[in-house]
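Colleague:
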Amino acid sequence: MEDYQYSPLLPGELTRVLALQPAKSHSDELHCQLFHISSGFPYIAISYAWGSQNEWSDLIMEDRNGHQDRPPSVLKITTTVELLLRRMRGSSAVRYFWIDALCINQADTVEKTQQVSRMFDIYRNASRVFAWLGDRSDGSEDFLKLIKDIEIEGDGVLREHFDRYGREFLDHFLELEWFQRRWVIQEVAAAREAVLVHGQTHMNFDTFAQILKKSTKLRNAFATSALGHIEAISRVRNSGTSSHHLCFATLLQVFHAAECSDDRDRIYSLLGLDSLTAAQGMGMIMVPDYSLSTTECYESFAINLAGRSTRDLFGVMQCAGAFAQEYSASDCGSPGSELEARAPTWIPDWTFPRAYRPLLCNENSLRAGHTPSAPSISHEIIIARHDMRLDGLILGNITHLSTDSWWDEDIPEERIIQFVLHWWLVLLKSSLADTPKYAGNYKLLIGDFARTITAGQIDLQCEPVFVYQPGITDGQRNTSKESSFEAFNKLLMEWLTRAKLLGENGSLVTMATDDSLDIELQHLFIVNTCRWDENIPAEVYPEVRRVHQIMEGRALFVTDSGHMGTCSMWGATGDIVGIPFGASTPFAFKSLSKIEPGQVEQHVRLVSDCYVEGVMEGQACQKSGIMRRTFVLS
10 MEDYQYSPLL
20 PGELTRVLAL
30 QPAKSHSDEL
40 HCQLFHISSG
50 FPYIAISYAW
60 GSQNEWSDLI
70 MEDRNGHQDR
80 PPSVLKITTT
90 VELLLRRMRG
100 SSAVRYFWID
110 ALCINQADTV
120 EKTQQVSRMF
130 DIYRNASRVF
140 AWLGDRSDGS
150 EDFLKLIKDI
160 EIEGDGVLRE
170 HFDRYGREFL
180 DHFLELEWFQ
190 RRWVIQEVAA
200 AREAVLVHGQ
210 THMNFDTFAQ
220 ILKKSTKLRN
230 AFATSALGHI
240 EAISRVRNSG
250 TSSHHLCFAT
260 LLQVFHAAEC
270 SDDRDRIYSL
280 LGLDSLTAAQ
290 GMGMIMVPDY
300 SLSTTECYES
310 FAINLAGRST
320 RDLFGVMQCA
330 GAFAQEYSAS
340 DCGSPGSELE
350 ARAPTWIPDW
360 TFPRAYRPLL
370 CNENSLRAGH
380 TPSAPSISHE
390 IIIARHDMRL
400 DGLILGNITH
410 LSTDSWWDED
420 IPEERIIQFV
430 LHWWLVLLKS
440 SLADTPKYAG
450 NYKLLIGDFA
460 RTITAGQIDL
470 QCEPVFVYQP
480 GITDGQRNTS
490 KESSFEAFNK
500 LLMEWLTRAK
510 LLGENGSLVT
520 MATDDSLDIE
530 LQHLFIVNTC
540 RWDENIPAEV
550 YPEVRRVHQI
560 MEGRALFVTD
570 SGHMGTCSMW
580 GATGDIVGIP
590 FGASTPFAFK
600 SLSKIEPGQV
610 EQHVRLVSDC
620 YVEGVMEGQA
630 CQKSGIMRRT
640 FVLS
């Protein structure tokens, strides 16, 4: 038989739909037709991972777009598509599906671009979306059955299941390729009804997400990234009922680990979500265009998003430091000349792993560049070619910076204590405690320190607040932020006292050198005097977890003006800390030019967003005498 030839889609036709013919036996040949549709035709859209491109099978196409006089032809399909079609096929009636690998002419770049731009509507218009997880027989299929049992009988069945079968089935389930794929985020978020299908077992996605949210024991067993991924998709699905609109940059950083084979799809695969998450009246950011290179795609996206609203612009800047063009996690601190030449530092490079969590939060949670009485100080932002000019305030230059940080989300919990003690020493070494604000008031210093390393207790958008730990009940978690923060302050004082960095009467203690501190801290943990399980009460757990979330990939700094804050671990002494007018956070910049007396314009490169204690609600914008500056970012 000849190879199948696609007929072009005509104006007014939305897409193609696959008519899958019934069969009595699972092993019978697959027979289908493809025909063109406009809106209103009922079909099921399939969300799936493409799988291996090395093994192919034949799909028999009985006609071409309804022309019965044409002989059958063959369309090559992957073994993944073959398996899901066999599972989805009915025994007596034709079933209608939309599957991207078949319903889009993958060899036609123009059509592919058009269809990708319609992808959200295609899944939105489907009567249902089936998320095909696969048909593996490694125990992972038991997970959906277990979820159904939990829905009926509660958490008690989980322990019984673990005791009988172990937890390998859970690991196998989370390792399924579907959970790693980037396109499925939009596909499930758009669905009227999304159904998870694993072999012959199926379950409503919203029910699945709700059970995960409510089941304490199940959440205890989940890896953080998997839990956050599922919760974030669920939140995006429900974003239409929320008064808080998500910054689109938030979606990109939350789903940063989701995979795709084409780096341009890091943007294109999520564009449809903008209609769910953006405020009303916002235009589409960009139209997918596969004629653009990856660099051109990222630049066009950043410039378009930055031009849409001030909030989106600063969201782009916040992500630019986390998805850095100059540095990568495997080569932190070393400039990359190729990348340095190709794009400015305020444009994120989404191909890099996330270095830290940008401080993207709900509107009005952070307002460093605003005044309480007005949305923001009058200012002008100009984007000319690749340079950005924006006005703001200078908070000072970094004089002291911590040198210890981590990349791994799964570091041992007791290591967090060691990091906290290291950061505290940076404060003591900077003589910040001797300034008029803190002199003789160690409780104020500890309180500001605690707020700094928890970023003022903000809740990051789409991020789970806690990692769930066995032995901590829901009742213990339901503590207010205020009581949790007070307990955290008390715990900090206990840690500092045990490490001999705070006297019994609250007096401040310093060490002779950083080296002596390192020796002291190593001894502290070798003798096991600060143990996670013994010294972190349940009511403090949210704050310790928040330290973990906020400070991963970050460093603590002190400026020459006496400000305490955090920036990317790529920050350095001498870097400028400034607040652009209208921004939610300050930023750290590297100066590219010496500033002359009376000069207000300074050329800089972006390092990262910052949390700076005492300015995050617009306090600096109300003070007189703070130096204004025009930042020129390149």
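In my numbering, the protein residues as written are 10 to 643.
Yeah, the Cβ is synthetic: ideal placement off N, Cα and C, and Gly gets one too.
Can you tell me which of the three DSSP states residue 307 falls into?
Modeller: Here residue 307 sits in helix by DSSP.
Colleague: Any idea which residues DSSP pairs residue 641 with across the strands?
Modeller: Its beta-bridge partners are 398, 612.
Colleague: Say the cut is 7 Å; is the CB of residue 571 nearer than that to a heavy atom of the ligand NAD?
Modeller: Among the components modelled here there is no ligand, and therefore nothing to report on the ligand NAD.
Colleague: For residue 564 versus residue 573, is the C-beta spacing smaller than 8 Å?
Modeller: Against a cut-off of 8 Å, the Cβ pair of residue 573 and residue 564 comes out as no contact.
Colleague: Using the three-state DSSP reduction, which class does residue 206 fall into: helix, strand or coil?
Modeller: Strand.
Colleague: Would you kindly report the start and end of the unbroken alpha helix (DSSP H) that includes residue 45?
Modeller: Looking at the DSSP string, residue 45 is not in any alpha helix (DSSP H); the run it does join, the beta strand (DSSP E), is 40-46.
Colleague: Given this structure, state the Cα-to-Cα distance separating residue 54 from residue 27, to the nearest angstrom.
Modeller: Taking the straight line from one Cα to the other gives about 10 Å.
Colleague: Can you give me the C-alpha to C-alpha distance between residue 158 and residue 239, rounded to a whole angstrom?
Modeller: Cα to Cα, the separation comes out at about 20 Å.
Colleague: Count the C-beta pairs between the stretch 35-52 and the stretch 95-113 that are closer than 8 Å, then say yes if the count reaches three, no if not.
Modeller: Touching, yes, given that three or more Cβ pairs across the two stretches are closer than 8 Å.
Colleague: Kindly list the residues whose CB is nearer than 7 Å to the CB of residue 332, restricted to its own chain and excluding five residues on each side of it in sequence; keep chain order.
Modeller: So the list reads 357, 358, 359, 361, 363, once near-sequence residues are dropped.
Colleague: For the pair the stretch 365-379 and the stretch 289-309, tell me if three or more CB-CB distances fall below 8 Å.
Modeller: Flag = no, the stretch 365-379 and the stretch 289-309 do not touch.
Colleague: When burial is assigned at 16 or more other CB atoms within 10 Å of the CB, is residue 209 buried or exposed?
Modeller: Exposed.
Colleague: Around the C-beta of residue 460, are 16 or more other C-beta atoms found within 10 angstroms, so that it is buried, or is it exposed?
Modeller: Buried: at least 16 other Cβ atoms inside 10 Å.
Colleague: Do residue 600 and residue 588 have their C-beta atoms closer together than 8 Å?
Modeller: Not a contact, by the Cβ cut-off of 8 Å.
Colleague: To which residues of the same chain is residue 20 closer than 7 Å at the C-beta, ignoring the five residues directly before and after it?
Modeller: So the list is empty, once near-sequence residues are dropped.
Colleague: Hey, could you find the ends of the beta strand (DSSP E) residue 223 is sitting in?
Modeller: Element bounds for residue 223: not the beta strand (DSSP E) but the alpha helix (DSSP H), 214-223.
Colleague: With contact counted as at least three CB pairs below 8 Å, one residue from each stretch, are the stretch 397-406 and the stretch 621-640 in contact?
Modeller: Verdict: yes, contact present.
Colleague: By the three-class DSSP mapping on this structure, what secondary structure does residue 563 have?
Modeller: Strand, per DSSP.
Colleague: Let's test the definition: count the other Cβ atoms within 10 Å of the Cβ of residue 609 and tell me whether it reaches 16, buried, or not, exposed.
Modeller: Residue 609 comes out exposed.
Colleague: On the three-pair Cβ rule with 8 Å, is the stretch 555-563 touching the stretch 310-319?
Modeller: No, they do not touch.
Colleague: Quick one: what does DSSP say residue 12 is sitting in, helix, strand or coil?
Modeller: It is a strand residue.
Colleague: Determine the extent of the alpha helix (DSSP H) in which residue 154 is found, giving its start and end residues.
Modeller: Unbroken alpha helix (DSSP H) run through residue 154: 151-162.
Colleague: Which residue marks the beginning of the beta strand (DSSP E) containing residue 296, and which one marks its end?
Modeller: Taken as a continuous stretch (DSSP letters only), residue 296 belongs to no beta strand (DSSP E), as it is neither H nor E.
Colleague: With DSSP run on the structure shown, which of helix, strand or coil describes residue 332?
Modeller: It is coil, neither helix nor strand.
Colleague: Tell me whether residue 621 sits in a helix, a strand or coil according to DSSP, three-state version.
Modeller: Note: residue 621 maps to strand in three-state DSSP.
Colleague: For a test of the three-state rule: what should DSSP assign to residue 409, helix, strand or coil?
Modeller: Residue 409: strand per DSSP, three-state reduction.
Colleague: From the DSSP output, which residues share a beta bridge with residue 452?
Modeller: Its beta-bridge partners do not exist; DSSP assigns none.
Colleague: What residues in its chain sit with their C-beta under 6 Å from that of residue 264, if we drop five residues either side in the sequence?
Modeller: Closer than 6 Å at Cβ, skipping near neighbours: 194.
Colleague: Determine the DSSP secondary structure at residue 55, reduced to helix, strand or coil.
Modeller: In the structure shown, residue 55 sits in a strand (DSSP, three-state: E or B).
Colleague: With a Cβ-Cβ cutoff of 8 Å, do residue 119 and residue 30 count as a contact?
Modeller: Against a cut-off of 8 Å, the Cβ pair of residue 30 and residue 119 comes out as no contact.
Colleague: What residues in its chain sit with their C-beta under 6 Å from that of residue 64, if we drop five residues either side in the sequence?
Modeller: If we look at residue 64 and ignore the five residues flanking it on each side, its Cβ neighbours are 88.
Colleague: Whose C-beta lies closer than 7 Å to the C-beta of residue 125 among residues of the same chain, with five residues either side of it excluded?
Modeller: Closer than 7 Å at Cβ, skipping near neighbours: 277, 297.
Colleague: Our contact map puts residue 67 next to residue 83 with C-beta atoms below 8 Å; I'd like the distance itself, whole angstroms only.
Modeller: With 8 Å as the limit, residue 67 and residue 83 qualify as a contact, their Cβ atoms being about 5 Å apart.
Colleague: In the DSSP output, which residue or residues are listed as bridge partners for residue 139?
Modeller: BP columns for residue 139 point to 55, 204.
Colleague: For residue 95, does the three-state DSSP call read helix, strand or coil?
Modeller: Helix at residue 95.
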